[in-house]
Amino acid sequence: MSQKSALFSIGSGAALWGIIGFFVTYLYNIGFTPAQVVSLRVLSASLLLGGYLLSKGRRYFKIKAGDSRYFIGTGIISIVLFNWCLFSAIEETSISVASILLYTAPAFVTILSRVIFKESLTMRKVSALMITFTGCALVVGIIPHSDQSISMYGLLLGLGSGLFYALYSIFGKFALQHYDSLTVTFYTFAFASIAVVPVSGLWNELPSFLSVSTWIYVLGLGLISTMLPFILYTKGLSFVESSKASIIATIEPVVATLMGFLVFKEQLTFWQYAGVGLVITAVIVVQESKKDSSAIPRETEKSAANQLQG
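Using UniProt numbering, the letters of the sequence shown map in sequence onto residues 1 to 310.
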């Protein structure tokens with residue numbers, strides 16, 4: 001996969017993540033709780049992906065027992081805890097505040113990637129991070145209306161959601177050194193399902209599954225906004241630096257905002273349009289030129305290539 005194709009794959013995955021609000025909103029209206037929606041998301045995605053992998057060959061299911069630690073990282077530490085922190089932050093603060101704190105994730109990824117993978121921290125990346133953060137703040141409406149106050153607990157929950165969201169890129173990078181992106185994605189959701197479904201109380205909503213519309217929304221949630229985007233993002237992550245991938249993925253809130261406007265008739269302000277423009281600008285800025293890319297040491301490039309081949 002070329003660099004351009006990898007960037008397109010990551011951006012497409014993020015766009016599909018951005019429309020998740022459509023399915024989640026209708027599932028909430030049916031009566032499902034946030035924890036149950038998370039369970040439906042990871043369980044449906046693991047079942048759908050499992051069926052897909054069976055058609056491709058059982059080799060995708062083969063992993064070493066010791067490598068389970070990677071999927072505990074991507075599935076439980078990242079996916080489950082990220083969702084718990086996000087939903088709790090929304091309850092403690094507001095959707096806007098929780099959303100902007102969630103998109104501190106690129107900053108966490110850039111810092112962690114610098115420490116763990118020795119990825120270069122260029123001026124282009126730093127600029128893209130600043131533009132992204134400002135753009136997201138404009139999209140969710142915190143700027144210029146910055147007089148909102150939140151509790152320390154709410155702040156920690158929001159930052160926690162950003163951190164755990166960021167950790168998927170980190171754990172995923174390690175897992176991709178040993179396994180195909182399809183294997184990584186499947187076991188991420190399988191481990192998440194094992195952790196969250198037993199405590200979700202999903203069985204209390206069995207009557208809701210008698211409705212065809214419920215199954216349509218669950219299928220959309222599991223396939224369109226979970227399985228496909230994670231496959232696309234994880235595949236692209238195999239060929240792109242974690243920090244760059246996480247910044248490109250911030251196109252998600254832009255898509256979510258536009259979907260709210262087009263589907264739910266939510267009105268956008270001038271500042272929200274400005275935020276959309278800034279996030280798109282950041283996606284363009286982060287696509288480093290060959291001259292900038294050369295700042296990465298040769299030894300680091302060779303080491304990364306050998307790890308991926310191993």
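Glycine included, each C-beta is placed from N, C-alpha and C at the ideal position.
How many whole angstroms separate the CB atoms of residue i and residue j, which I take to be in contact at a CB cut-off of 8 angstroms?
i: residue 193; j: residue 43; result: 5 angstroms
i: residue 164; j: residue 77; result: 7 angstroms
i: residue 223; j: residue 48; result: 6 angstroms
i: residue 135; j: residue 278; result: 3 angstroms
i: residue 105; j: residue 246; result: 6 angstroms
i: residue 39; j: residue 197; result: 5 angstroms
i: residue 16; j: residue 229; result: 4 angstroms
Are residue i and residue j close, meaning C-beta to C-beta below 8 angstroms?
i: residue 166; j: residue 109; result: yes
i: residue 311; j: residue 232; result: Here the chain has residues from 1 to 310 only, and residue 311 is not among them.
i: residue 255; j: residue 75; result: no
i: residue 239; j: residue 3; result: yes
i: residue 92; j: residue 151; result: yes
i: residue 50; j: residue 186; result: yes
i: residue 117; j: residue 173; result: yes
i: residue 85; j: residue 157; result: yes
i: residue 60; j: residue 226; result: no
i: residue 98; j: residue 252; result: no
i: residue 285; j: residue 113; result: no
State buried or exposed for residue i, treating a residue as buried only when at least 16 other CB atoms are found within 10 Å of its CB.
i: residue 82; result: buried
i: residue 289; result: Low confidence applies to residue 289: its pLDDT is 44, below 50, so where it sits in the model is not reliable enough to give any reading.
i: residue 153; result: exposed
i: residue 148; result: Per-residue confidence for residue 148 stands at a pLDDT of 47, beneath the threshold of 50, marking its modelled position as unreliable; the derived number appears in the next sentence. By the neighbour-count rule (16 or more Cβ atoms within 10 Å), residue 148 is not buried but exposed.
i: residue 125; result: buried
i: residue 5; result: exposed
i: residue 181; result: buried
i: residue 210; result: exposed
i: residue 202; result: buried
i: residue 257; result: buried
Closest to residue i by C-alpha separation, out of the options, would be which residue?
i: residue 188; options: 62, 79, 253, 106; result: 79
i: residue 129; options: 120, 154, 103; result: 103
i: residue 139; options: 155, 250, 238; result: 250
i: residue 87; options: 3, 162, 56, 57; result: 162
i: residue 218; options: 15, 229, 106, 22; result: 22
i: residue 159; options: 89, 2, 177; result: 89
i: residue 66; options: 5, 178, 113, 132; result: 178
i: residue 190; options: 70, 55, 1; result: 70
From residue i to residue j, what does the alpha carbon distance come to, in whole angstroms?
i: residue 235; j: residue 168; result: 13 angstroms
i: residue 269; j: residue 31; result: 31 angstroms
i: residue 241; j: residue 119; result: 7 angstroms
i: residue 220; j: residue 41; result: 9 angstroms
i: residue 276; j: residue 100; result: 13 angstroms
i: residue 282; j: residue 244; result: 10 angstroms
i: residue 237; j: residue 107; result: 17 angstroms
i: residue 146; j: residue 212; result: With a pLDDT of 48 at residue 146, under the threshold of 50, the modelled position of that residue is not reliable, and the figure given next carries that caveat. Near 43 angstroms, if we compare the C-alpha coordinates of residue 212 and residue 146.
i: residue 274; j: residue 263; result: 20 angstroms
i: residue 132; j: residue 248; result: 9 angstroms
i: residue 200; j: residue 170; result: 27 angstroms
i: residue 115; j: residue 195; result: 29 angstroms
i: residue 34; j: residue 20; result: 13 angstroms
i: residue 137; j: residue 271; result: 9 angstroms
i: residue 215; j: residue 29; result: 14 angstroms
i: residue 62; j: residue 265; result: 46 angstroms
i: residue 204; j: residue 123; result: 52 angstroms
i: residue 1; j: residue 259; result: 30 angstroms
i: residue 24; j: residue 280; result: 25 angstroms
i: residue 121; j: residue 206; result: 50 angstroms
i: residue 55; j: residue 111; result: 39 angstroms
Closer than 7 angstroms to a non-hydrogen atom of the ligand ADP - does that hold for the CB of residue i?
i: residue 275; result: This structure simply doesn't include the ligand ADP, nor any ligand for that matter.
Any beta carbon from chain C within less than 8 angstroms of residue i's own beta carbon?
i: residue 12; result: No chain C is present in this structure, which holds just one protein chain.
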